[in-house]
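This report concerns only the one structure given below.
Chains as they are written, first to last, in our numbering: chain Y, 142 to 253; chain X, 118 to 232.
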């Protein structure tokens, strides 16, 4: 969607390597979220941010870390990728005082 | 913590058939409810949302949903499905918890519409 981009769109990486996914927004929204989507599980929240340098864990945060050093970028890092982290990762943004979420196009990550 | 249940995992309908997808949520406070659709290979798109007011909400592409507070339900309906409605549908609840409100999703319902 306009205003939110994810990179890369696709990535294949080896087990044990670190991986960083980027979510970039041009909406100046306060809130940013990382979800993973897996068959049979829907979308599950990994981490979220409620401001620059303010982040918190979601329901499936083990093995992931995040950083937000500026409003527009929210980075998701897999510290040491495992095959169980093969998934599609979606970023979402939300403005303060709004309950409208906008989702990015997703990053398909394969860990071999 | 809030949770969302979608009881239909895979639904197959013929074109022109009526659709109803179930969604039940668990949360004790004020909720905002959403239905999203994901067409094959694409990202999530908002179908409709309920914040307050009329419990019958209308969305895009002829979809509607009814919020029944006493049943903690927010079922999605469409009177006559089209082949192009083939997609995965997700119900979600937004709740304010701690530092920010967050969306919690159901596991999704895969709809297949046959010609």
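Built from N, CA and C at the ideal position, the CB exists for glycine as well.
Item: Interface positions of the stretch 210-237 of chain Y facing chain X (Cβ-Cβ less than 7 angstroms), listed along the chain; Value: 231
Item: Proximity test, Cβ basis, 7 angstroms: residue 219 (chain X) and chain Y; Value: yes
Item: Proximity to residue 218 (chain Y) [Cα-Cα], best of Y:146, Y:240 and Y:161; Value: Y:161
Item: Backbone secondary structure at residue 202 (chain X) - three-state DSSP; Value: helix
Item: Below-7 angstroms beta-carbon distance, residue 191 (chain Y) vs any chain X residue; Value: yes
Item: Pick from Y:152, Y:158, Y:156 and Y:172 that is closest to residue 145 (chain Y), judged by C-alpha positions; Value: Y:172
Item: From Y:214, Y:168 and Y:155, residue whose alpha carbon lies closest to that of residue 242 (chain Y); Value: Y:168
Item: Chain X within 7 angstroms of residue 208 (chain Y), Cβ atoms only; Value: no
Item: Through-space distance from residue 201 (chain X) to residue 154 (chain X), alpha-carbon basis; Value: 12 angstroms
Item: Contact the stretch 141-153 of chain X vs the stretch 189-203 of chain Y: 3+ CB pairs below 8 angstroms; Value: no
Item: From X:224, X:218 and X:138, residue whose alpha carbon lies closest to that of residue 148 (chain X); Value: X:218
Item: Whether residue 135 (chain X) touches residue 196 (chain X) by CB criterion (7 angstroms); Value: yes
Item: Classification of residue 232 (chain X) by the beta-carbon crowding that lies within 10 angstroms, buried from 16 upward; Value: exposed
Item: Residue 174 (chain X) versus residue 185 (chain X) - alpha carbon distance; Value: 11 angstroms
Item: Integer-rounded CB distance, given that residue 177 (chain Y) should sit under 8 angstroms from residue 230 (chain Y); Value: 5 angstroms
Item: Residue 234 (chain Y), enclosing beta strand (DSSP E) - first and last residue; Value: 228-235
Item: Per DSSP, the bridge partner or partners of residue 198 (chain Y); Value: Y:188
Item: Limits of the beta strand (DSSP E) - the one that residue 118 (chain X) falls within; Value: Where residue 118 (chain X) is concerned, there is no enclosing beta strand (DSSP E), given that its DSSP letter is neither H nor E.
Item: Cβ-based neighbour list, residue 186 (chain Y), same chain, cut-off 6 angstroms, excluding 5 preceding and 5 following; Value: 176, 199 and 200
Item: Neighbour flag for residue 216 (chain X) against chain Y, beta carbons, 7 angstroms; Value: yes
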